Every structure is written in C-alpha cells, then in structure tokens.
Amino acid sequence: MKSTPLVSRRGVVRSPLIPKLLPKLLGLLVLLSVLLPCVPVWASPSQACPAGMVLIHGGNFRIGSNGFYPEEHSAEDVTISEFCMGQYEVTNAEFTAFVNATGYVTVAERSLSQEQFPDLTENERSPGSVVFQIAQPSPQGEVPLLSWWQWVPGVNWQHPEGAGSTLEGRENHPVVHVAYEDAEAYAHWAGLSLPTEAQWEYAARGGLKDKIFAWGNRYSAQKANTWQGNFPFHNTQDDGYAGTAPVGSFPANGYGLFDMTGNVWEWTQDWYHVGHDFMNHATNPSMADSAQSSDPRDPGVAKHVIKGGSYLCAKNYCSRYRPAAREAQSPDTGTSHIGFRLVKNLPV
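In this note's numbering, the protein residues as written are 103 to 450.
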C-alpha cells in the first residue's frame, strides 16, 4: 500500500515514512564521512588562486620572537593583505618542466669565470654546489664549525649528491641546489612570486597566535622533517627520513600548507637584517633594499632571508624549525637543504 503524504497546517508535506527512514539516512551520512576523504574548509577551491595554491586571508600578527635568537626580534601589529600560497614546496618534477620549457641553466651548473675569480683554481671554478656530509670528529673529539658542509664539483639540482646521483624516485621531493636567482627565474616563468618574509611567516603560523611551532608549543618529530639525534654526527631518523622527504609527507598547518616547518629552507624576497623593528605597525612590509642588508657574521655581503628550517635542524644545534626562525643566505649559493615555494599577490 502506498503511503499518503500528509500536509500540515503550514502547508509542509510530511510522510509517515520519514521517521522510519531518518535513522538509516543518518547512518549513511556517518558511513560516508568515514569513507570519503575529509576536505577542510581551507582546501576549498578559490577562484582567486591557481590550482595547487591556498587562499590566505589577510590579518595582522606579531612577526618574529623574543625568546630565541637576536635576529628574530619581533615587531608588533604587522598587517598582511590576502594572497595565495603554494600548498607545497616546488618539486623536482615541477622544476624539470620549467627547465625543459625554457632551457634554463642554474647557477650551480655554470662555471665561474677566470677573469672574475682569478685566485680560484680551475677545479674551484667548475660547476658545483654545497652538500651536507656527516661530520667526523678529530681524535680529540672536536669538530670545526660548519665542517659538515662541503663544496662538491658536479652537484646541482639534477645530481643532488654529485656525479652518478639522479632524481629517480625523488620526483616529488623539493628541488634543492637552487640559488635565489634560480628560484626567481622559476617564479617569473610561472607568473608568480617568491613570498616576502612577512607573508611567509604569517602563512606558516597557520592562524595560531604566538605559538612556538606551527602546531603548538611542544616539539614533535612526527610533525615535520627535522633531524633527530646528535647533530651533526648521527640522525636516528625517527621521522622516517635522513634527507628530504616527498612534499606533503607530514601534516598540513592550519591553513592547509605542507612542510612550512622542516624539509628544506625556503627563499624569501627580503634582504636579511637583524630583527624586525622596521616592520612595527606596517602593512605588507618587506626589506627590499639590498643596501640595507646586514649580517654581523659576514659584514659587507648582502643576503636574503630563508625561512622554515630543514631536515638538518636539530634540538642540540639550531632549533630553527619554528615560524619565527630565520637565516641569512647569499643569493648566489644553493645548498642541499634550500628550496622554495611561490605566492600569488592579489589586488589590495
């Protein structure tokens, strides 16, 4: 027998089947919520952002930190306009597409000229890059500062450890051994930009106010690709990786951005200067003048700010796996732990 719909005094059609079907419908919704992948609000498509980018809504925040290193000294009430940011660091596969399309040759693949560098040997002028190597202490147990970095001929983004090494199996890892101008060239080709330091840190915090890490105040090896163990001698690889990890291997932050902590350091537009005093109460600030760049450890050399820390950041050494952390890097030098991601600036 067919059920007869009933009409209430408000004209709403009701059926006697609804009370019977409602529990089953609710059960189906619960089952679908388990079987289907969760799509957070921040991952919703935005017409303003290209594919693979997340819309970062504008706001204000305190940049930097007063609890760690002097160069992080904070600035208050920094305002950021909304922009789009890449969910992931630029990968080897993406950089390969750029090189194939343009024929671009990175800084690490170019020889230095004898005219410009007459004091260097021919070997020292040959193409190459800087690679991390596990440190070996002297018989006295001492390790010279930064002795774990070695310049190796033949190293570049396609051959991350030198001759014989390839990108096979690492297509989805972040591209490394890219100098600042390499990252800038890719950004220009893509019609996008490198982030300012303020944009980068605002996004890295993921909406959390004044937290040490991008996820809270307690360090976790399972939240980011960092060094576990006694740096620079032994990495226990508690997080599963000794070097770079495929992008997106660790949880996203509150804005849906992956690897804003660890994996590789990331280039920003800003020239390096100790502290952020000039950013106090500023809107979309950036240190755009290279003449203002100053690194007390290396006077006279203009450097860019890199952010995010890397797989080499360790508790016992630098602890720079924090949104506020920053380092200085010469724009002509890529290494095995520096990459980048891109932003799209929106009309204000």
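Here a beta-carbon is modelled for each residue, glycine too, at the ideal position from N, C-alpha and C. For clarity, every value in this text was computed on a predicted model and none was experimentally measured.
At a cut-off of 3 residues, the continuous stretches assigned as beta strand (DSSP E) that sit fully inside the stretch 245-302 are 251-255. A Cβ-Cβ distance of about 7 Å is found for the pair proline 297 and methionine 187, placing them in contact under the 8 Å criterion. Boundaries for valine 201: no beta strand (DSSP E) harbours it, while the alpha helix (DSSP H) harbouring it runs 194-204, taken from the DSSP string. Three or more Cβ pairs drawn from the stretch 326-337 and the stretch 410-418 lie within less than 8 Å of each other, which places the two stretches in contact. Contact annotation: serine 396 and aspartate 372 have beta-carbon atoms that are not nearer than 8 Å.
By alpha-carbon distance to asparagine 274, the top candidate from Ala199, Asn319 and Gln218 is Ala199. According to DSSP, methionine 155 shares a beta bridge with Gly188.
A contact between stretches requires three or more CB pairs, one per stretch, nearer than 8 Å, and the stretch 433-443 meets this requirement with the stretch 284-303.
Shown here, glutamine 238 sits in coil according to DSSP, grouped into three states, outside any helix or strand. Proline 276 sits close to asparagine 365, with the two beta carbons spaced by under 8 Å.
For asparagine 168, the CB contacts under 8 Å within the same chain, skipping 5 residues up- and downstream, are Glu174, His175 and Ser176 in chain order.
Within the model, the alpha-carbon separation for alanine 305 versus tyrosine 357 is close to 7 Å. Taken through DSSP and simplified to helix, strand or coil, serine 392 comes out as helix. For asparagine 225, the uninterrupted alpha helix (DSSP H) segment begins and ends at 224-227. Non-local beta-carbon contacts of threonine 346 in its own chain, meaning distances under 7 Å to residues more than five positions away in sequence, involve His275, Pro276, Val278, Asn365, Val366 and Tyr413 in chain order. Apart from sequence neighbours up to five positions away, the residues of its chain that approach proline 348 with a beta-carbon distance below 7 Å are Asn274 and His275, ordered along the chain. DSSP assignment within the stretch 340-427 yields the following whole beta strand (DSSP E) runs of 3 residues or more, N-terminal first: 367-373 and 406-409. Secondary structure at glutamate 173: helix, using DSSP grouped into helix, strand and coil. Comparing C-alpha distances from serine 231 to each of Asn447, Thr437, Ala323 and Gly342 shows the shortest one belongs to Thr437. Of the candidates Asp379, Ala390, Arg307 and Glu191, Glu191 places its Cα closest to the Cα of valine 280. Your pair serine 215 and serine 228 does not check out as a contact, with CB atoms roughly 12 Å apart and the cut at 8 Å. Tyrosine 423 and alanine 326 have their C-alpha atoms roughly 8 Å apart.
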